[in-house]
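Below is one structure; the comments refer to it alone.
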């Protein structure tokens with residue numbers, strides 16, 4: 001493990017490769033900090049599947065890109081994450097995939113479904129928001145299945161800024177996804 005000048009441990013993807021494989025744990029590194037999470041709640045996974053399905057139906061109808069659940073994104077040696085859903089345009093996909101089949105750059109859209117707990121919220125609402133801003137993600141949805149709401153962040157110059165909080169009766173559209181239109185309650189069905 002790398003050691004910062006402050007004495008704080010900085011994890012890398014090489015360090016994670018040395019950890020014992022455990023199919024029930026997810027390892028992510030954000031700015032050298034290791035985040036370990038367990039398999040998510042059933043409703044988390046249903047929400048994730050519903051969002052991915054809505055995006056994939058639109059993608060297949062338009063031919064503009066691809067939605068995928070839980071892909072690995074290796075931005076750098078100290079920034080490697082597994083978002084819940086990404087959407088990437090056809091044009092960018094071939095540029096972003098490495099030989100191992102991992103994304104190595106920012107997809108246009110990233111979706112995180114919140115898991116309960118302060119650490120999980122901090123990871124998605126602070127650490128990942130900052131990382132996705134720095135890396136160039138165009139749009140970021142933070143989905144709370146417990147409150148049944150979606151926070152929408154869009155790129156404003158150099159960073160992602162919150163533009164809306166949508167509830168079940170609201171409809172989500174995006175300039176990134178022409179003619180995509182989805183009632184929020186469909187994410188939680």
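In full-length UniProt numbering, the protein residues as written are 1 to 189. Virtual Cβ for every residue (Gly too), placed ideally from N, Cα, C.
Might you give, ordered along the chain, the residues of its own chain that have their beta carbon closer than 7 Å to the beta carbon of residue 44, omitting 5 neighbours on each side? 113, 115, 145.
Quick check: the stretch 170-187 against the stretch 142-157, are at least 3 beta-carbon pairs closer than 8 Å? Output reads yes: the stretch 170-187 touches the stretch 142-157.
Cβ-based neighbour list, residue 148, same chain, cut-off 6 Å, excluding 5 preceding and 5 following: Excluding positions up to five away in sequence, the list reads 168, 188.
Output the distance between the C-alpha atoms of residue 176 and residue 117, rounded to the nearest integer angstrom. Roughly 31 Å between the two C-alpha positions.
Can you check DSSP and say which residues form a bridge with residue 24? According to DSSP, residue pairing for residue 24 in a beta bridge does not occur.
Please confirm if the stretch 9-25 is in contact with the stretch 73-83, defined as three or more CB-CB distances below 8 Å between the two stretches. In short, these stretches touch, since the Cβ pair count reaches three.
Suppose contacts are defined by Cβ-Cβ distances below 9 Å. Is residue 136 in contact with residue 161 by that definition? Cβ atoms of residue 136 and residue 161: not closer than 9 Å.
How far does the alpha helix (DSSP H) with residue 134 in it reach, from first residue to last? For residue 134, the uninterrupted alpha helix (DSSP H) segment begins and ends at 128-135.
Whose CA, out of 139, 63, 37, lies closest to the CA of residue 158? Closest by alpha carbon: 139.
Tell me residue 73's beta-bridge partners as DSSP assigns them. Residue pairing for residue 73: DSSP places it in a beta bridge opposite 81, 103.
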